[in-house]
Amino acid sequence: MQIGDKSTIFMKEQFKKYYDKSAGSLNFPERLSEREIGYIPFQGSMTRHLSFGTPSELRTFLIREVPRSVHYSSGYYSAPTLPMAQKGWKGADLIFDIDTDDLHTPCQAEHSRWICTACSSIGVGKRPTQCSKCKQPRLKAIKWSCPKCLDSAKGDTVKLLDILCDDFGIPRNEIEVFFSGSRGYHVSVYSKKYESIDQMARSDIADYVSGKGFLLGALSLSSKRRYNDLLRSFPEANGEGWKGRIGNHIVNKLDLGAIEPMEQVISQISKTKTTTLRHLAEDALSLFSARIDPTVTSDVHRILRLQGTLHNETGMMKKKCVDLDTFDPTTDPVVIGDEPVKVIVDKSPPLSMMEKIFGPYSSETVEIPSFAAILLIGKGFAKVV
Amino acid sequence: MDSPGFGLDDLAKYPFVQEAGDRVKALDVSLQDLEKPDFKAVVDRARERVEESFGKRNISSMNHQPDVEILSFPLSMALVKASGLDHLMRRYSLSEAKKVEGFLERESREVLKRIFDSILSFPVYDGGDRYKGLDYTVNVEDFLIRSVHFHTPEWKLINHVVSGGRVYLRKTDVVRLVREEIRDIIEKRLKNIGPIKLPEKLSIIVQEIIQETPPPVIMETIGAPSIGYPPCINHCVEILSKGENLHHMGRLFLATYMLKIGKNVDEVIDMYHNAPDWNPRVSRYQVEHLAGLRGGRTKYNSPSCKTLATNNLCFRDPKNCFGIRNPIQYGRRAKGKDKVTKSNQLKAKI
Ligand code: SF4
Ligand SMILES: [Zn+2]
Ligand SMILES: [Zn+2]
């Protein structure tokens with residue numbers, strides 16, 4: 004997208020309308036003045052190391068600047084405007100990012116597209132090594148999330164919340180869940196207990212919630228297992244944590260739930276084939292874990308999209324999910340208006356928004372609501388005519 | 004004098020607790036007194052404590068008189084401090100802590116409870132009888148900030164029963180955590196001792212100790228990236244120089260990395276001198292194997308950042324580790340500030 008072209012002007016106008024109308028009532032994360040703020044304008048490159056003393060200063064800034072995207076740091080600093088080494092890190096929210104990109108949903112085969120950064124032509128399917136039109140190798144995958152992808156991300160978010168509340172004992176009111184504005188969910192934990200832990204500890208938490216590094220040996224499921232080992236190491240009925248989840252899964256799948264006492268259950272398990280047991284354990288790990296991006300969780304200096312601001316590729320808002328169950332990512336975060344606008348669109352997958360489906364379009368000029376146009380423009384499929 | 008919590012025998016075993024310090028004060032022995040023949044046993048024991056920390060064995064727990072044990076502890080601290088050798092301070096702290104670990108493993112629940120309360124900076128709770136053998140619980144956050152430094156799969160959070168913000172632990176696990184805490188306490192105390200003026204006899208002992216102490220692991224910076232080694236390498240070296248056990252993955256990584264940046268087999272083997280289970284023959288065989296001089300003759304690559312991260316060996320520094328996939332690339336890519344800002348831009352979750 005060229006600076007000053009019709010599409011960018013249109014997009015900025017729409018963003019301006021939104022900020023004019025809504026910025027005044029936006030809420031920001033606690034401890035705003037200790038966080039670094041960064042933004043990308045419609046023209047020019049990213050500015051970082053800003054800080055705002057009060058929410059109202061930031062609101063005024065959004066209205067005046069109409070940024071293309073705005074980020075805040077998960078970390079708190081004594082001097083957020085100084086370069087990283089001198090900021091004085093004081094702590095950071097514990098954050099999790101669930102991105103449809105990491106979920107490998109089967110539908111991705113249907114909606115994956117690439118765009119050539121040299122000649123802007125778009126291709127269907129997985130990104131090849133060079134552009135089929137201009138033969139340049141400069142191709143970028145267009146990341147697209149359909150309702151199925153987003154559903155899957157929601158499922159992982161629910162699992163994450165279960166683990167955070169049950170295992171880590173984090174009160175639900177110290178956790179906020181957001182739709183990221185595009186491809187998934189951000190979960191922020193504001194907890195005195197976890198704010199000062201370092202990168203290594205965070206990375207171990209990331210492994211925990213994503214089920215990585217479990218030693219199956221700890222369950223004595225090896226081929227050399229003996230009844231007594233199993234009796235000692237197999238989780239008691241209704242055990243907690245991962246061992247408990249895996250144990251319960253095995254008991255349920257082998258249909259031993261009603262059997263008592265535990266010795267009986269164990270003796271049944273000890274007769275089951277090792278490979279079966281290992282598979283069941285691995286199933287449990289993948290069934291109950293949350294597929295998060297571990298690099299986000301372990302980074303104590305991460306910057307994330309600011310809640311209430313618009314996503315530069317979709318025009319949708321990063322929105323707090325008050326009730327995750329009923330949250331609909333194809334309607335709830337849509338804040339751009341529905342005035343029709345004429346755009347030329349090429350090779351876009353079907354787009355579900357506001358209970359309608361737009362496309363698939365292939366080299367055609369269509370008149371569609373502004374909210375849909377902005378998303379197709381932001382992703383690179385459309386231009387205002 | 005009996006303190007309400009601990010008996011004299013306990014103080015002899017745990018000479019770093021407050022009550023042991025009180026006992027030392029009450030005995031009112033000056034450094035000058037220690038030169039007298041009456042205190043020979045104390046001086047000998049103090050020297051032995053120090054020497055054993057760099058010898059093969061851990062500090063012995065032979066049956067000395069409780070007061071000899073209690074008095075020899077601060078004296079051995081003074082000897083170590085006076086040596087001015089940083090690596091001796093580290094080794095000494097570790098070996099005192101390991102000795103205590105041995106005692107703790109044999110203690111009853113009540114004594115343990117008292118020790119935890121008196122020295123730990125975090126609470127240890129009774130685990131109830133929910134899980135057999137898991138007699139204790141600690142808060143997840145207290146556990147994590149300590150467990151990650153052990154760098155073994157067994158210490159990963161996922162391999163523990165975690166519920167309601169607590170981690171269930173066996174006695175040996177808690178004792179291991181305590182050992183770490185004690186090592187820390189002793190090391191900090193050593194650092195905080197001001198300059199000491201020792202009487203002549205003791206000064207001579209210090210000189211002898213300095214002579215006997217093996218040299219520390221030195222990291223030659225030849226061949227290292229100009230901005231220094233990556234954090235993951237520094238960490239492995241730190242473990243080794245403390246005389247602690249670097250687990251298999253860490254050893255493999257350190258060796259392959261060093262070979263890759265051009266160190267020779269002997270230089271690499273030298274780095275492992277301090278490992279508690281050092282065996283020159285085995286080390287040589289392993290390192291030569293990695294260098295491709297033996298076996299399949301494949302020269303091994305240094306593991307990727309991703310592999311290191313899953314093994315808890317990655318300590319990513321956000322500036323210089325950005326965008327690299329293998330520690331070998333560290334210091335070869337970072338070019339000035341602009342580059343960093345740009346990469347941070349891409350890193351933002353958008
Ligand atoms: S990112 Fe790579 S080089 Fe940096 S600390 Fe981690 S493993 Fe080492
Ligand atoms: Zn092209
Ligand atoms: Zn999809």
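These protein sequences, in sequence, are chains Y and D. Heads up: the first sequence at position 82 corresponds to 85 in our numbering, and the numbers run straight through without jumps. Heads up: the second sequence at position 167 corresponds to 170 in our numbering, and the numbers run straight through without jumps. We put the beta carbon where it would ideally sit given N, CA and C, even for glycine.
| Asked | Found |
| --- | --- |
| Name the residues in the segment 76-97 of chain Y whose C-beta lies less than 9 angstroms from a C-beta of chain D; which are they? | 86, 87 and 88 |
| Residue 81 of chain Y bridges to which residues according to DSSP? | Per DSSP, none; premise fails for residue 81 of chain Y. |
| In terms of alpha-carbon separation, which member of Y:207, Y:149, Y:44 and Y:195 lies closest to residue 67 of chain Y? | Y:44 |
| Show which residues of chain D have a CB atom less than 8 angstroms away from the CB atom of residue 172 of chain Y. | 143, 166, 167, 168 and 169 |
| By DSSP, does residue 273 of chain D sit in helix, in strand, or in coil? | helix |
| Any beta carbon of chain Y sitting closer than 8 angstroms to that of residue 312 of chain D? | yes |
| Helix, strand or coil for residue 321 of chain Y? Go by DSSP, reduced to three states. | coil |
| Below 7 angstroms CB to CB, which residues in the same chain sit around residue 268 of chain Y once its five sequence neighbours on both sides are set aside? | 254, 259 and 262 |
| Look at the alpha carbon of residue 122 of chain D and the alpha carbon of residue 140 of chain D, and state the distance between them as a whole number of angstroms. | 17 angstroms |
| Would you mind reading off the limits of the alpha helix (DSSP H) that contains residue 175 of chain D? | 174-195 |
| Could you give the C-beta distance for residue 313 of chain Y and residue 21 of chain Y, rounded to a whole number, given that I count them as a contact under 8 angstroms? | 6 angstroms |
| So what does DSSP say about residue 102 of chain Y, is it helix, strand or coil? | strand |
| Measuring alpha carbon to alpha carbon, tell me which of Y:175, Y:72 and Y:286 ends up nearest residue 324 of chain Y. | Y:175 |
| What residue from Y:192, Y:318 and Y:177 has the CA that sits closest to residue 14 of chain Y's CA? | Y:318 |
| Using a Cβ-Cβ cut-off of less than 8 angstroms, list which residues of the segment 197-216 of chain Y approach chain D; keep chain order. | 197, 200, 201, 202, 203, 204, 206, 207, 208, 210, 211, 214, 215 and 216 |
| Using a cut-off of 8 angstroms between C-beta atoms, extract the partners of residue 169 of chain Y located in chain D. | 166 and 167 |
| Exposed or buried, which one is residue 320 of chain Y when buried takes at least 16 other CB atoms within 10 Å? | buried |
| Please list the terminal residues of the continuous alpha helix (DSSP H) segment that includes residue 238 of chain D. | 234-244 |
| What does residue 156 of chain D reach in chain Y if we use C-beta pairs closer than 8 angstroms? | 216 and 218 |
| If you reduce the DSSP assignment to three classes, tell me which class residue 95 of chain Y lands in. | strand |
| Can you give the Cα-Cα distance for residue 157 of chain Y and residue 149 of chain Y, rounded to whole angstroms? | 12 angstroms |
| May I ask which residues mark the beginning and end of the beta strand (DSSP E) holding residue 370 of chain Y? | 367-372 |
| Taking 7 angstroms as the cut-off, is the beta-carbon of residue 333 of chain D closer than that to any non-hydrogen atom of ligand 5? | Absence of ligand 5 is noted for the structure shown, with ligand 1, ligand 2 and ligand 3 being the only ligands found. |
| For residue 1 of chain Y, tell me which candidate among Y:70, Y:114, Y:170 and Y:38 has the shortest Cα-Cα distance. | The requested residue 1 of chain Y does not occur in the structure, where chain Y is confined to residues 4 to 388. |
| Listed in chain order, which residues of the segment 235-251 of chain Y have Cβ atoms closer than 9 angstroms to some Cβ of chain D? | 235, 238, 239, 242, 243, 244, 245, 246 and 247 |
| Determine the burial state of residue 352 of chain D: buried for a count of at least 16 other Cβ atoms within 10 Å of its Cβ, exposed for fewer. | A caution first: residue 352 of chain D carries a pLDDT of 39, below 50, which makes its placement in the model too unreliable to give a value. |
| Quick one: which unbroken alpha helix (DSSP H) runs of 4-plus residues sit fully inside the segment 307-336 of chain D? Chain order, please. | 308-313 |
| Do we get a CB-CB distance below 8 angstroms when we pair residue 376 of chain Y with the residues of chain D? | no |
| In three-state terms, what does DSSP make of residue 264 of chain D? | coil |
| Name the residue from Y:54, Y:341, Y:49 and Y:310 whose alpha carbon lies nearest to the alpha carbon of residue 185 of chain Y. | Y:310 |
| Could you tell me the alpha carbon to alpha carbon distance between residue 291 of chain Y and residue 162 of chain Y, rounded to whole angstroms? | 6 angstroms |
| Return no unless some Cβ of chain Y is closer than 8 angstroms to the Cβ of residue 134 of chain D. | yes |
| Does the beta carbon of residue 293 of chain Y come closer than 8 angstroms to any beta carbon on chain D? | no |
| Assuming residue 99 of chain Y and residue 339 of chain Y make a contact with CB atoms under 8 angstroms, what is their CB distance in whole Å? | Actually they do not touch by this definition, with Cβ atoms about 27 angstroms apart. |
| Is there a Cβ from chain Y that is less than 8 angstroms from the Cβ of residue 151 of chain D? | yes |
| My assumption, with CB atoms under 8 angstroms, is that residue 249 of chain Y sits in contact with residue 218 of chain Y. Please give the rounded CB distance. | The pair is not a contact, with the Cβ atoms about 11 angstroms apart (cut-off 8 angstroms). |
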